[in-house]
Each structure stands twice: as structure tokens, then as C-alpha cells.
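Enquirer:
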Amino acid sequence: MDKIRAGVVGVGLMGRLYGRLLKELPQAELTAVYDVDAERAAEVGAELGTKAFASVEALLSQVDAVFICSPDRAHLEPVLAAAAAGKHVFVEKPLATSSEEGLQMVEAAEEAGIVFMVGHVLRFDPRYIHARNAVAAGDVGEVIHMFARRNTYIDQGRHYASWTTVPWFLGIHDIDALMWICGSPIISVYARGARKLLAKADDSVLAVLTFANGAIAGLEVSFVLPLVQGNRQSPLLEVVGSKGMIHVMPYLRGITIHKPDGLVEPDPLYNMGPVMHGQIAGVYKEETVHFLRCIQEGITPAVTGRDALLAVTVVEALERSLASGQEEKVESITA
């Protein structure tokens, strides 16, 4: 098959990353970029050796597939436009910030018959894949309870909290992963938040998640870890089953670099730059290669639109629980 002509809509941090990956991968050709900030689009286009276009529609005329990396609340219009044009779509997580918009995207993609994939990247982390496979194989018996943690430092948290919340930005990663590993949807959520440092958003959120198969899970997410040396974000997953346990410990990165001004613990899997003989390696590359393979071979993506839509409905229930102080049921999407 000829190279897949691909474009990127939204060339911030993630858009730049996917643009670089598409430029490096032999099965793809980066042919177009677009951003609402025309100056930034031109800059990134020049950096990546491709053309910046003045509209999504103009970009779509030059591609077979598009990576939607615009802000979370700006996914709907470019996804609908791409589906209407018959272009395959990869969209960054979360799929949407409302289940109504998410459902519109999913239905449009299904009607168009395109490959539609959402960037829940933990499904490409080999540690989480091993956990999923172990549960599916019955190695730990029936899942009884799980725990997931994902936090970030307050300097980053203050930035993120200006336009999103900690459940939408961090929690949705583990909400999707927990359902995928457990093999069962979340049906209800009880959540509490603490507000001491951030002006307009919860600093930290703890939630209890109940699954359709009777399992439960705890979720911890925070925007306000203090600034300390090294990696203290401590992402973690634990699974307790009737016959065994699983511990996934991404915070043990396997390398610490001590420098005169402090120490650094780089993450060899979640990197944003060239780390493997001049090229990007890790989960984002694997995710991108998988999407391109789905197009080439006509296979179902590892993360479907329906999968991502379910995660959106769970975060909506979590946000309702934070507001009400009560357990909230996850609303089913029947369409």
C-alpha cells in the first residue's frame, strides 16, 4: 500500500509530537498541518517540512487520515468534517467533554465507515497490557478490587486547571485502563474533592468506582504535588483478584540521572523527543503505528470510539458526584 497521507489539526504539544512521528514513520507522509493560530501552524509546518493550511477543510483535501489534537472542547467540528470527507480519524483523549458531542462523533464515524481511534495511550504501555492479559487469562482469578493513582506537580497543575479539571485531564487515563483491564464497565461513581491551592478547580480527587461485574476500584488524581527533585508523580495500578494480585509501577522508571543542579528520572516509555538512535520511541509511536496499521489492514482499533465514549460518561458521573456529594450512576448511551 502507498504511504498514508496524514495531517494534524492542532499543533500544540501533542500535535507537534504526532507530526514528528508521522514524518519519521515509513508508512506515512505528513502532508498538512492546521491550527487556529496561523502563525504557530506556519512555524510548525516549516519545522516539519510540510504545508500549513488556512482551514480544516483545506487540510482534508490533502490527506487520507487526520490526527485531531485541538483542545479537548474543540474536537467535534474537525471530527465531523473529517468523517463527512471520508478521512480516517485519530483524536486525542478525551474524545469529548460531553457525551452528547462524543456520541455525535462516534455515530458520524460509524456512518462514514472510517477508522476512528482515540488516544488512550495506556493501552499501548506494555506494563498495562501485561496486566490486562493476566486478568483475561484468569491468572489472578476474579477481580475483587483495584486502585489507580496519577498525579502531577502544582506548577503543571496550575496551568492545566486554567482550562480543564483533574478528572478530565488525568483521571480519564485510568478510568479507561481500569475498565479495559477489568473487562467490565463502570456503572457508578462516588467522588470527593479537596480545594486548598487552586482557585477554580479541585486540587485532588478521590473516587470509588463500581463495576458491572461487582468489582470496585479506588482512583486518586491530583494537580498539586509539591515541587521536589526526581519523579514523585507515582503513577500506580494495583489489581487484587480471588487467586492473585498485580502491581503495575510506572513510577519505577529504571533510571536516575544525578546532576550538579539536582536529579532527573526520565521516562523511557512516555517521551516527547528522539531517544532511540535519533528517533522517537515508546508508547506514542506504538499508538501511531497501530492506527496506521488499522487503516492499511482494515482492522478494528485497540481503542474504539465507543470505548472512549464510555470513559467520557464515567467522568461526567464523577463530576456530578463532586457537585452533589452523592454516588452517581453512569448514564448509558443507547444510540
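For the sequence shown, position 298 matches number 1178 in this note's numbering, and the numbering has no gaps at all. Glycine included, every Cβ here is placed at the ideal spot set by N, Cα and C.
Measure the alpha-carbon distance for Ile1213 versus Asp1141 and round it to whole angstroms.
Expert: Here the question's residue 1213 lines up with position 333 in the sequence shown. Here the question's residue 1141 lines up with position 261 in the sequence shown. Distance between the alpha carbons of Ile1213 and Asp1141 is about 52 Å.
Enquirer: Run through the DSSP bridge pairs and tell me what Leu1086 is partnered with.
Expert: Here the question's residue 1086 lines up with position 206 in the sequence shown. Paired residues: Arg1072, Glu1100.
Enquirer: Would you tell me roughly how many angstroms separate the C-alpha atoms of Glu909 and Ala976, rounded to the nearest one?
Expert: Translated into positions along the sequence shown, residue 909 becomes position 29. Translated into positions along the sequence shown, residue 976 becomes position 96. Answer to the nearest angstrom: the Cα atoms are 27 Å apart.
Enquirer: In whole angstroms, what separates the C-alpha of Ile1179 from that of Phe970?
Expert: Locating residue 1179 in the sequence shown gives position 299, counting from the first residue. Locating residue 970 in the sequence shown gives position 90, counting from the first residue. The alpha-carbon atoms of Ile1179 and Phe970 are separated by roughly 14 Å.
Enquirer: What is the C-beta distance between Gly1071 and Leu1202, in whole angstroms, given that I count them as a contact (C-beta under 8 Å)?
Expert: Mapped onto the sequence shown, residue 1071 falls at position 191. Mapped onto the sequence shown, residue 1202 falls at position 322. In the sequence on display, residue 1071 carries Ala and not Gly. Indeed they touch by this definition, with Cβ atoms about 5 Å apart.
Enquirer: Residue range of the beta strand (DSSP E) that Val998 falls in?
Expert: Mapped onto the sequence shown, residue 998 falls at position 118. 996 to 999 is the span of the beta strand (DSSP E), which, as asked, contains Val998.
Enquirer: Contact check, Ala1092 vs Ile1067 under 8 Å by CB: the rounded distance?
Expert: Your numbering for residue 1092 matches position 212 in the sequence shown. Your numbering for residue 1067 matches position 187 in the sequence shown. With 8 Å as the limit, Ala1092 and Ile1067 qualify as a contact, their Cβ atoms being about 5 Å apart.
Enquirer: Taking the beta strand (DSSP E) that Asn1013 falls in, what are its first and last residues?
Expert: By 1-based counting over the sequence shown, the position of residue 1013 is 133. Per DSSP, Asn1013 belongs to no beta strand (DSSP E); it is in the alpha helix (DSSP H), 1006 to 1016.
Enquirer: Determine the DSSP secondary structure at Pro1154, reduced to helix, strand or coil.
Expert: The count along the sequence shown starts at 1 and reaches residue 1154 at position 274. Of the three classes helix, strand and coil, the one that applies to Pro1154 here is strand, per DSSP.
Enquirer: Quick one: give me the first and last residue of the alpha helix (DSSP H) that Ala926 is part of.
Expert: Your numbering for residue 926 matches position 46 in the sequence shown. Run containing Ala926: 918 to 928, per the alpha helix (DSSP H) assignment.
Enquirer: If you draw a straight line from the alpha carbon of Ile1160 to that of Lys1139, how long is it in whole angstroms?
Expert: Residue mapping note: residue 1160 aligns to position 280 of the sequence shown, counting from 1. Residue mapping note: residue 1139 aligns to position 259 of the sequence shown, counting from 1. Ile1160 and Lys1139: Cα-Cα distance of roughly 24 Å.
Enquirer: Which class does Gln942 belong to by DSSP, given the choice of helix, strand or coil?
Expert: Along the sequence shown, read from residue 1 onward, the residue named residue 942 stands at position 62. Here Gln942 sits in coil by DSSP.
Enquirer: Note the first and the last residue of the continuous alpha helix (DSSP H) segment covering His1053.
Expert: Position 173 of the sequence shown holds residue 1053. Here the alpha helix (DSSP H) through His1053 covers 1052 to 1062.
Enquirer: Classify Gln1036 as helix, strand or coil using the three-state DSSP reduction.
Expert: Translated into positions along the sequence shown, residue 1036 becomes position 156. Correct three-state label for Gln1036: helix.
Enquirer: Short check: CB of Gln984 to CB of Leu1172, under 7 Å?
Expert: In the sequence shown, the residue the question calls residue 984 occupies position 104. In the sequence shown, the residue the question calls residue 1172 occupies position 292. Not a contact, by the Cβ cut-off of 7 Å.
Enquirer: With 16 as the cutoff for other CB atoms within 10 Å, does Lys1031 come out buried or exposed?
Expert: Counted from its first residue, the sequence shown places residue 1031 at position 151. Per the sequence presented here, residue 1031 reads as Asn, with Lys not at that position. Buried, by the Cβ-count rule.
Enquirer: Below 7 Å CB to CB, which residues in the same chain sit around Ala912 once its five sequence neighbours on both sides are set aside?
Expert: Mapped onto the sequence shown, residue 912 falls at position 32. Contacts found: Gly887, Thr930, Lys931, Phe933, Leu939, Gln942, Val943.
Enquirer: Hey, Ala1095 and Cys1062: beta-carbon distance below 7 Å or not?
Expert: Indexing the sequence shown from 1 puts residue 1095 at position 215. Indexing the sequence shown from 1 puts residue 1062 at position 182. Yes, Cβ-Cβ distance for Ala1095 and Cys1062 is below 7 Å.
Enquirer: Just grab the DSSP bridge partners of Glu972 for me.
Expert: By 1-based counting over the sequence shown, the position of residue 972 is 92. BP columns for Glu972 point to Gly999.
Enquirer: Using beta-carbon positions only, say whether Met1026 and Leu1058 come within less than 7 Å of one another.
Expert: As a first step, residue 1026 must be located in the sequence shown, where it is residue number 146. As a first step, residue 1058 must be located in the sequence shown, where it is residue number 178. It is a contact, given that the beta carbons lie within the stated cut-off.
Enquirer: For Val1015 and Glu1118, what's the separation of their Cα atoms in angstroms?
Expert: For the purposes of this step, residue 1015 is taken as the residue at position 135 of the sequence shown. For the purposes of this step, residue 1118 is taken as the residue at position 238 of the sequence shown. Near 12 Å, if we compare the C-alpha coordinates of Glu1118 and Val1015.
Enquirer: Kindly identify the DSSP beta-bridge partner or partners of Ala908.
Expert: The residue you call residue 908 lines up with position 28 of the sequence shown. DSSP, once it has assigned bridges, lists Ile884 as partnering Ala908.
Enquirer: Would you say Glu1177 faces chain B, with C-beta separation under 7 Å as the test?
Expert: Reference to chain B is not applicable here, since this structure consists of a single protein chain.
Enquirer: So, at 6 Å on beta carbons, what are the nonlocal neighbours of Phe996 in its own chain, with the 5 sequence-adjacent residues on each side left out?
Expert: Locating residue 996 in the sequence shown gives position 116, where the first residue counts as 1. Counting only Cβ-Cβ distances below 6 Å, and skipping sequence neighbours, we find Val969, Ala989, Gly1185.
Enquirer: Only counting the same chain, and skipping five residues up and downstream in sequence, which positions put a Cβ closer than 8 Å to that of Ala992?
Expert: Along the sequence shown, read from residue 1 onward, the residue named residue 992 stands at position 112. Hits under 8 Å: Ala963, Ala964, Gly966.
Enquirer: Measuring alpha carbon to alpha carbon, tell me which residue in Val916, Ser935, Trp1048, Ala961 is nearest Ser979.
Expert: The residue you call residue 979 lines up with position 99 of the sequence shown. The residue with the shortest Cα to Cα distance from Ser979 is Trp1048.
Enquirer: When the distance is taken between beta carbons, is Val889 closer than 7 Å to Val946?
Expert: On the sequence shown, residue 946 is found 66 positions in, with the first residue counted as 1. On the sequence shown, residue 889 is found 9 positions in, with the first residue counted as 1. Yes; because the gap between Cβ atoms is below 7 Å, this pair is in contact.
Enquirer: Going by the DSSP bridge assignment, what does Leu1117 pair with across the sheet?
Expert: For the purposes of this step, residue 1117 is taken as residue 237 along the sequence shown, with counting starting at 1. Bridge partners of Leu1117: Ala1028, Val1128.
Enquirer: Using three-state DSSP, classify Glu937 as helix, strand or coil.
Expert: Position 57 of the sequence shown, counting from 1, holds the residue named residue 937. Helix, per DSSP.
Enquirer: Is the beta carbon of Val1210 closer than 7 Å to that of Gly1121?
Expert: By one-based count along the sequence shown, residue 1121 stands at place 241. By one-based count along the sequence shown, residue 1210 stands at place 330. No, they are not a contact pair.
Enquirer: According to DSSP, is Leu1078 helix, strand or coil?
Expert: By 1-based counting over the sequence shown, the position of residue 1078 is 198. Here Leu1078 sits in coil by DSSP.
Enquirer: Hey, would you say Leu1077 sits closer than 7 Å to Asp1083, going by beta carbons?
Expert: Numbered from 1 along the sequence shown, position 197 holds the residue referred to as residue 1077. Numbered from 1 along the sequence shown, position 203 holds the residue referred to as residue 1083. For Leu1077 and Asp1083, yes; Cβs fall inside 7 Å.
Enquirer: Report yes if the CB atom of Glu972 is closer than 7 Å to the CB atom of Leu956, and no otherwise.
Expert: The residue given as residue 972 occupies position 92 in the sequence shown. The residue given as residue 956 occupies position 76 in the sequence shown. Their beta carbons are not under 7 Å apart, which means Glu972 does not touch Leu956 by this criterion.
Enquirer: Going by DSSP, name the residue or residues bridged to Val1020.
Expert: Here residue 1020 refers to the residue found at position 140 of the sequence shown. DSSP lists no partner for Val1020.
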